[in-house]
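J.: Dumping the structure here so I can ask a few things about it.
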Amino acid sequence: MNQDLESLIESTNVTFNDIGGMNDLKEEIKLNIIYPFKNPELFIQYGRKAGGGILLYGPPGCGKTYIAKATANECNATFFNISIADILDMHVGTSERKLHETFQLARRKAPSVIFIDEIDALGNDRMKTGENVYARTLVNQFLNELDGLASDNTSIMVLGATNVPWFVDTALKRPGRFDKTIFVPPPEVNARAKIFELLLSGKPIENIDYKLLAAKTNRYSAADIKAVCNAAIDIKIREAMKTGQKGLISTQDLLQAIQKINPTTTEWLYTTENYVKYSNQSGMYDAVLDYLNKKENN
Ligand code: ATP
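0 is the number of the first residue of the sequence shown in numbering that gives the first Met the number 0; add one for each residue after it.
Right, here's the structure in full:
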């Protein structure tokens, strides 16, 4: 067995309780992944199989990878964390073989959740070489794996992630492949309060006004909130180095850190708004429009 491919397996102890917000997505995942994995006989009785694919898209740092990890953990599945760069190989046919062997490994270790980041890089313009035949054969290989043409995909769930869903090959979005395309937005106000609370739990803190912090961080991603917490911790460490006194992290420190860190989702939302205006004929991006139309998000 190829040792490299084994390294794509990650152990994960993240649970749904570690994830602030994302309630609709958690429900969707419970219904489509966790429940079928735990109760395969019920699905068989109704003539349905566990397994399939969901495509997650949204701005960076909003928890696509994190929820994929938690999903695998929640259903005791083997977690494969793959970026397309792990698969791509300059030698003809090698990328396809690697992809096939990865799926075979996942089938042997089933139930498995295969998370594939930057799924847009599979077959899009960035890969174009000459007539783009190489990119095409890799997409076709991926489609074969998803369709389970030659193999059994029972108990294999594929979660794809992308920041640029409009570049994802349309063949991947057909039924039976990525059946669902789900928007992972920046966390809403209650989720932000919860994320602050989760990130600061166990740290030396004063009584923190989480509601105030959440109100001041509209459009901050979870990763931005993590950066804010780290900046506040740095303020305290610097103070401790100067004074020799270990102070507690306060709301004020966090507000100061917020001033220094800008939300990173704004650019993504701006670009997406333009795309969505002209390419939403199928209603695929309605969730983004709903998000942008909500006054409190603007
Ligand atoms: P990218 O598009 O850049 O790959 P992503 O959407 O996959 O980003 P993650 O890597 O999942 O983002 O999230 C970044 C970090 O933010 C995570 O490692 C985790 O620590 C934290 N995080 C993300 N979402 C949440 C959440 N809902 N609750 C708590 N922490 C979160």
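Think of the CB as a built atom: it goes at the ideal place given N, C-alpha and C, for glycine as much as any other residue.
I232 lies in the beta strand (DSSP E); which residues open and close that run?
T.: Looking at the DSSP string, I232 is not in any beta strand (DSSP E); the run it does join, the alpha helix (DSSP H), is 221-242.
J.: Beta-carbon within less than 7 Å of E95's beta-carbon, same chain only, minus the 5 sequence neighbours each way: which residues are those?
T.: Here the set comprises T136, L137, Q140.
J.: Between the Cα of E73 and those of G52, T64, K37, spot the shortest distance and give me the residue it belongs to.
T.: Comparing Cα-Cα distances from E73 to each of G52, T64, K37, the minimum goes to K37.
J.: Can you tell me whether K193 sits near ligand 2, meaning its C-beta is under 8 Å from at least one heavy atom of the ligand?
T.: Within the structure as shown, ligand 2 is missing, the only ligands being ligand 1.
J.: In this structure, what does DSSP give as the bridge partners for K179?
T.: Answer is I53.
J.: By how many angstroms is the C-alpha of Q255 removed from the C-alpha of A239?
T.: Going from the Cα of A239 to the Cα of Q255 covers about 17 Å.
J.: Would you check whether ligand 1 has a heavy atom nearer than 8 Å to the C-beta of A222?
T.: Yes, ligand 1 has a heavy atom inside 8 Å of this Cβ.
J.: Since I believe F79 is in contact with I8 (beta carbons under 8 Å), could you give me their beta-carbon distance rounded to a whole number of angstroms?
T.: With a Cβ gap of about 6 Å, I8 and F79 count as contacting.
J.: Over the uninterrupted beta strand (DSSP E) stretch that includes T77, give me the two end residues.
T.: Taken as a continuous stretch (DSSP letters only), the beta strand (DSSP E) holding T77 covers 77-82.
J.: Exposed or buried, which one is Y45 when buried takes at least 16 other CB atoms within 10 Å?
T.: Classification for Y45: exposed.
J.: For I66, verify whether its CB is less than 8 Å away from any heavy atom of ligand 1.
T.: Under cutoff, so the answer is yes.
J.: Quick one: Cα of K127 to Cα of L121, how far?
T.: The predicted position of K127 is uncertain, since its pLDDT is 48 and thus under 50; no value can be drawn from it.
J.: For T161, does the three-state DSSP call read helix, strand or coil?
T.: The answer is strand: DSSP assigns T161 an E or B state.
J.: Measure the alpha-carbon distance for K245 versus I232 and round it to whole angstroms.
T.: So the two alpha carbons sit approximately 11 Å from each other.
J.: Looking at C-beta atoms only, is the number of pairs between the segment 171-181 and the segment 209-227 that lie closer than 8 Å three or more?
T.: The segment 171-181, when compared against the segment 209-227, does not touch it at the 8 Å Cβ threshold.
J.: Comparing the CB of P59 with every heavy atom of ligand 1, is any distance shorter than 8 Å?
T.: Yes, Cβ of P59 sits closer than 8 Å to a heavy atom of ligand 1.
J.: When we look at the beta-carbon of R125 and count the other beta-carbons within 10 Å, is it buried (16 or more) or exposed?
T.: With a pLDDT of only 44 at R125, under 50, the local geometry of the prediction cannot be trusted, and no value is derived from it.
J.: Thinking just about the alpha-carbon of each residue, which of I194, T169, L197 is nearest to the one in S278?
T.: S278 has its Cα closest to that of T169, out of I194, T169, L197.
J.: Please report the residue range of the alpha helix (DSSP H) in which V112 lies.
T.: Unbroken run through V112 is the beta strand (DSSP E), 111-116; no alpha helix (DSSP H).
J.: By the DSSP assignment, the alpha helix (DSSP H) with L98 in it spans what residues?
T.: Looking at the DSSP string, the run of the alpha helix (DSSP H) that includes L98 is 93-107.
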